[in-house]
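Enquirer: According to the numbering used here, the sequence shown is numbered sequentially starting from 1. Ideal placement from N, C-alpha and C gives every residue a C-beta, glycine not left out. Got a structure for you, questions after.
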Amino acid sequence: MTLMLMAGVNHSVISEFIFLGLTNAQDIQLLVFVFSSMFYVASMMGNSLIIFTVAFDPQLHSPMYFLLANLSFIDLGVSCVTSPKMIYDLFRKHKVISFRGCVTQIFFIHVIGGVEMVLLIAMAFDRYVAICKPLHYLTIMCPRMCLFFVVTAWLVGLIHSLVQLAFVVNLPFCGPNVLDSFYCDLPRFIKLACIDTHKLEFMVTANSGFISVGSFIILIISYVIIIITVQKHSSGSSKALSTLSAHISVVVLFFGPLIFVYTWPSPSIYLDKFLALFDTVITPFLNSVIYTFRNQEMKMAMKRVCRQLLSYRKIS
Numbered sequence: 001m002t003l004m005l006m007a008g009v010n011h012s013v014i015s016e017f018i019f020l021g022l023t024n025a026q027d028i029q030l031l032v033f034v035f036s037s038m039f040y041v042a043s044m045m046g047n048s049l050i051i052f053t054v055a056f057d058p059q060l061h062s063p064m065y066f067l068l069a070n071l072s073f074i075d076l077g078v079s080c081v082t083s084p085k086m087i088y089d090l091f092r093k094h095k096v097i098s099f100r101g102c103v104t105q106i107f108f109i110h111v112i113g114g115v116e117m118v119l120l121i122a123m124a125f126d127r128y129v130a131i132c133k134p135l136h137y138l139t140i141m142c143p144r145m146c147l148f149f150v151v152t153a154w155l156v157g158l159i160h161s162l163v164q165l166a167f168v169v170n171l172p173f174c175g176p177n178v179l180d181s182f183y184c185d186l187p188r189f190i191k192l193a194c195i196d197t198h199k200l201e202f203m204v205t206a207n208s209g210f211i212s213v214g215s216f217i218i219l220i221i222s223y224v225i226i227i228i229t230v231q232k233h234s235s236g237s238s239k240a241l242s243t244l245s246a247h248i249s250v251v252v253l254f255f256g257p258l259i260f261v262y263t264w265p266s267p268s269i270y271l272d273k274f275l276a277l278f279d280t281v282i283t284p285f286l287n288s289v290i291y292t293f294r295n296q297e298m299k300m301a302m303k304r305v306c307r308q309l310l311s312y313r314k315i316s
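Shown next as C-alpha cells:
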C-alpha cells in the first residue's frame, strides 16, 4: 500500500500500528481509566477557565497573564493529542492507529513541545524584566514583544516538528507494526522501520535531547539570577518568590520526563510509560492548579468572572 505523507511518498506495506497500551491487568486498567478521565476533564476545565478569565478580566490584561493564557492553550493541546485515544483504548483488545494518524500524532506532539519550551523561556524572561528591571517593564514587555514571543514559539515548534519528520517520513515499514506504548512517538516509531536506523535514532534523539536540555539549563540559570535579585530586595520578596516557585514547578514538571525520555540511554519500558502518562495526562492538570492556587490575583479574578456570569444568568 502506498501512502502519501507530508512532503513525500512512503512506500510501505503497513497501514496501521498496534499499541500494547499501558497494562493488561484489568484492575489496573480500571484505576488508570478513572484517574486519567478525571485528570483529563479537570485539565480541560482548568486550562479553559484560565484562558477565559485572562480574556475577560481587564485586571489580567498584562504580559504575564497573556503568556499564561497561551501556555494554558498549549496544555489543552497536550491533553487532546494523546489522552482521548489512550482512554478510549484502555479496555479494547485491539488498540490500533492508522499510519497517517500515527504520523499526525507525532507531528502535533513535537509542535506542542517546541511551543511550550519557548513559552516557558518567554515567561522566565517576563519575570526577569519584572523583578530585575521593574521601571522598564512596560517598555520592554510591550504588546509587540508579547506577540513576538508567541509567533516565535509557534515557528520554533513547527520547524522542530517538521525537521524531525523530514528524517523519518520516507522510511520503509514492512513489519512488525507493534508499538509497546499508548501513543506514537519517534524513538519507537523509527525502530519499526525495515532498514538500519541506529544513526537516525541518534540524530533524532540528539535533536530533541539537545533542545530539551539546552532550554532547561537556560531556564534554571535565569531563575537563579532572578532569585538572587529577589533576595537582595526585601520589599515584595514573598510575593515574587511565590510567583517564581510556581514557574519553577511548571518547568520541572515539563522538562523532567522529557529530558529523561530523550537522553536516558535504555529507559525501562514501565518507567517510560509512567513518565509519558505523567507528562500527557497529569502535567497539564498540575500546571493549571499551580498557576491558579499559587496566584492570589488569578484566584480573585476567577471569583470576579464567576460572579459576573452568575449575575448575568440571573438577569437573563
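Measuring alpha carbon to alpha carbon, tell me which residue in L286, L192, F167 and L244 is nearest A42.
Expert: The shortest C-alpha separation from A42 is found at L286.
Enquirer: Decide if P284 is buried, meaning its Cβ has at least 16 other Cβ atoms within 10 Å, or exposed.
Expert: Buried.
Enquirer: Leaving out the 5 sequence neighbours to the left and right, which residues in its chain are closer than 6 Å to A124 when beta-carbon positions are compared?
Expert: L219 and S222.
Enquirer: Since V178 sits in a beta bridge, which residues does DSSP pair it with?
Expert: Per DSSP, I18.
Enquirer: Please confirm if the segment 124-137 is in contact with the segment 190-210, defined as three or more CB-CB distances below 8 Å between the two stretches.
Expert: Judged by Cβ distances under 8 Å, the segment 124-137 makes no contact with the segment 190-210, as fewer than three pairs qualify.
Enquirer: Look up S98 in the DSSP assignment and say whether it is helix, strand or coil.
Expert: In this structure, S98 counts as strand in the three-state DSSP scheme.
Enquirer: Can you tell which of I190, V169 and I112 has its C-alpha closest to the C-alpha of L155?
Expert: Ranking the options by Cα distance to L155, first place goes to I112.
Enquirer: So is C184 buried or exposed if we call it buried at 16+ other beta carbons inside 10 Å?
Expert: So C184 ends up on the buried side.
Enquirer: On the criterion of 16 or more Cβ atoms from any shown chain inside 10 Å, does I159 qualify as buried, or is it exposed?
Expert: So I159 ends up on the exposed side.
Enquirer: Going by C-alpha distance, which of Q59, P257, F56 and R92 is nearest F216?
Expert: Here the closest residue by C-alpha is P257.
Enquirer: With respect to the alpha helix (DSSP H) encompassing L71, which residues constitute its N-terminal and C-terminal limits?
Expert: Counting along the chain, the alpha helix (DSSP H) containing L71 begins and ends at P63 to D89.
Enquirer: Which residue comes first and which comes last in the alpha helix (DSSP H) that contains N47?
Expert: Start and end: Q26 to F56.
Enquirer: Who are the Cβ neighbours of V289 in its own chain at under 7 Å, not counting the five residues just before and after it?
Expert: The answer, listed in chain order, is G46.
Enquirer: Roughly how far, in whole angstroms, is the beta-carbon of A301 from the beta-carbon of Q59, given that I think they are within contact range, below 8 Å?
Expert: A301 to Q59, Cβ: 6 Å. Contact.
Enquirer: Looking at I106: is its Cβ nearer than 8 Å to the Cβ of L186?
Expert: Against a cut-off of 8 Å, the Cβ pair of L186 and I106 comes out as a contact.
Enquirer: With a 10 Å radius around its C-beta and 16 neighbouring C-beta atoms as the bar for buried, classify S83 as buried or exposed.
Expert: Answer is buried; the Cβ neighbour count reaches 16.
Enquirer: Quick one: what's got a C-beta closer than 7 Å to F56's C-beta in the same chain, skipping five residues either side?
Expert: Within the same chain, F56 has close Cβ partners V305.
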